[in-house]
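> Position one of the sequence shown corresponds to residue 1 (UniProt numbering), numbered consecutively onward.
Don't be surprised by glycine CBs; every beta carbon is placed ideally from N, CA and C.
Every value quoted in this text rests on a predicted model; they were computed, and no experiment measured them.
Please find one structure pasted underneath; my questions will follow.
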Amino acid sequence: MGGRSGECPEARAMAVGNINELPENILLELFTHVPARQLLLRCRLVCSLWRDLIDLVTLWKRKCLREGFITEDWDQPVADWKIFYFLRSLHRNLLHNPCAEEGFEFWSLDVNGGDEWKVEDLSRDQRKEFPNGQVKKYFVTSYYTCLKSQVVDLKAEGYWEELMDTTRPDIEVKDWFAARPDCGSKYQLCVQLLSSAHAPLGTFQPDPATIQQKSDAKWREVSHTFSNYPPGVRYIWFQHGGVDTHYWAGWYGPRVTNSSITIRPPLP
1 MGGRSGECPE
11 ARAMAVGNIN
21 ELPENILLEL
31 FTHVPARQLL
41 LRCRLVCSLW
51 RDLIDLVTLW
61 KRKCLREGFI
71 TEDWDQPVAD
81 WKIFYFLRSL
91 HRNLLHNPCA
101 EEGFEFWSLD
111 VNGGDEWKVE
121 DLSRDQRKEF
131 PNGQVKKYFV
141 TSYYTCLKSQ
151 VVDLKAEGYW
161 EELMDTTRPD
171 IEVKDWFAAR
181 PDCGSKYQLC
191 VQLLSSAHAP
201 LGTFQPDPAT
211 IQQKSDAKWR
221 EVSHTFSNYP
231 PGVRYIWFQH
241 GGVDTHYWAG
251 WYGPRVTNSS
261 ITIRPPLP
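Quick look at the structure:
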């Protein structure tokens, strides 16, 4: 929305003045088509009229509707539509390569015991059992402990510091694991919210899950939501893995896939 390079201030002021003669409802409609960050970083600074319009709840509710974040019959109260819009637009799985489609890309193999980590395909029968039909692969552990991790840089993913510190939206973590029917295994998970200095500000570390030999081998989901955590969260560290309990050569330990970290817009 800024002026062209070399354009004199008088010409820019005249252009803004002409635009400002439009009805406010038309201006609001125009603003719904402008990228949200440009609205805040550039357009809002142009004049007091634009600032006031850009601060209106109506604009951000329209942008949510236009992007498909809400429907016409939306009836849930929203504390801050601007924040809701940004968090909804950023909403996605922040873990990269959660289903082993790219091998071990993006993952750090912290402990690689036994015959080491391996990627395997879900069989046709396993795909029928898994709740997400898009998942086709998984990571599998061995007879000595195997652990892998990934660090999410929130700022790099679009979540700026003020947004995280003032809103502190819920952070939801999910993981899926399964044992083999012919071998017992032990699965473990640890997730930490970290400061800029990588000091822990919140930790989720459930007791290791031990699955006995000749179990049903069904896929199990583990989940946790971080709420009301202290300000200063800049990174999220996710680590999971395990070991088989019979120390058999090969890959008889727990299988893991479809891991996710998502940040949810605040709702009552």
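Between alanine 209 and leucine 122, what straight-line distance do the alpha-carbon atoms span, to the nearest angstrom?
Approximately 22 Å between the Cα atoms of the pair.
> Ignore the nearest five residues each way along the sequence and tell me which others in alanine 249's own chain have a CB closer than 7 Å to its CB.
Once the five neighbours on either side are set aside, the close Cβ partners of alanine 249 are Asp115 and Tyr143.
> Taking its Cβ as the centre, do 16 or more other Cβ atoms sit within 10 Å of glutamine 134, making it buried, or is it exposed?
Looking at its Cβ environment, which holds fewer than 16 other Cβ atoms inside 10 Å, glutamine 134 is exposed.
> Secondary structure at tyrosine 247, three-state DSSP: helix, strand or coil?
Tyrosine 247: coil per DSSP, three-state reduction.
> Starting from asparagine 25, trace the alpha helix (DSSP H) both ways and give me its first and last residue.
That run of the alpha helix (DSSP H) goes 24 to 31.
> Where does residue 313 land, buried or exposed, given buried means 16+ other C-beta within 10 angstroms?
Residue coverage of the chain in this structure runs from 1 to 268, which leaves residue 313 outside it and unanswerable.
> Alpha carbon to alpha carbon, how far is serine 215 from aspartate 182? Give it in angstroms, no decimals.
So the two alpha carbons sit approximately 8 Å from each other.
> For the beta strand (DSSP E) that contains tyrosine 85, what are its first and last residues?
Tyrosine 85 -> not in any beta strand (DSSP E); alpha helix (DSSP H) instead, spanning 81 to 90.
> Terminal residues of the continuous alpha helix (DSSP H) containing alanine 36?
Note, alanine 36: alpha helix (DSSP H), 36 to 41.
> Quick check: the Cα distance between asparagine 258 and tyrosine 235, rounded to an integer number of angstroms?
If you take the alpha carbons of asparagine 258 and tyrosine 235, they lie about 20 Å apart.
> Can you round the beta-carbon distance between phenylalanine 130 and alanine 100 to whole angstroms, since I take them to be within the 8 Å contact cut?
No, phenylalanine 130 and alanine 100 are not in contact; Cβ-Cβ is about 13 Å, not under 8 Å.
> Of all the options Ser108, Lys61 and Pro169, which has the alpha carbon lying nearest to the alpha carbon of glutamate 263?
Correcting the residue type first, residue 263 is isoleucine in the shown sequence and not glutamate. Comparing Cα positions, the closest option is Pro169.
> Please determine, among Arg255, Tyr85 and Arg88, the residue with the shortest C-alpha to C-alpha distance to serine 185.
Comparing Cα-Cα distances from serine 185 to each of Arg255, Tyr85 and Arg88, the minimum goes to Arg255.
> Quick check: leucine 194 and proline 230, are their CB atoms within less than 7 Å of each other?
Not a contact, by the Cβ cut-off of 7 Å.
> Whole beta strand (DSSP E) runs in the segment 207 to 265 with 3 or more residues, listed along the chain?
Complete beta strand (DSSP E) runs here, min 3: 209 to 211, 220 to 226, 235 to 244 and 255 to 263.
> If we ignore side chains and look at the alpha-carbon of each, how far apart do phenylalanine 106 and threonine 145 end up?
Their Cα atoms are separated by approximately 20 Å.
> Using the DSSP secondary-structure output, state which residues sit across from glutamate 120 in a beta bridge.
Looking at the DSSP assignment, glutamate 120 forms a beta bridge with Tyr138.
> Since valine 152 contacts isoleucine 261 with CB under 8 Å, what's their CB separation in whole angstroms?
Yes, they are in contact, since the Cβ atoms of valine 152 and isoleucine 261 sit about 6 Å apart, within 8 Å.
> Report the rounded CA-to-CA distance for glutamine 205 versus tyrosine 247, giving the unit in angstroms.
Spanning the two alpha carbons is a distance of roughly 24 Å.
> Can you check which of these residues, Lys148, Arg124 and Asn97, is closest to tryptophan 117 by C-alpha distance?
Cα-wise, what sits closest to tryptophan 117 is Lys148.
> Taking the alpha carbon of glutamate 24 as the point to measure from, which residue in His91, Ile54 and Gly241 has its own alpha carbon closest?
It is Ile54.
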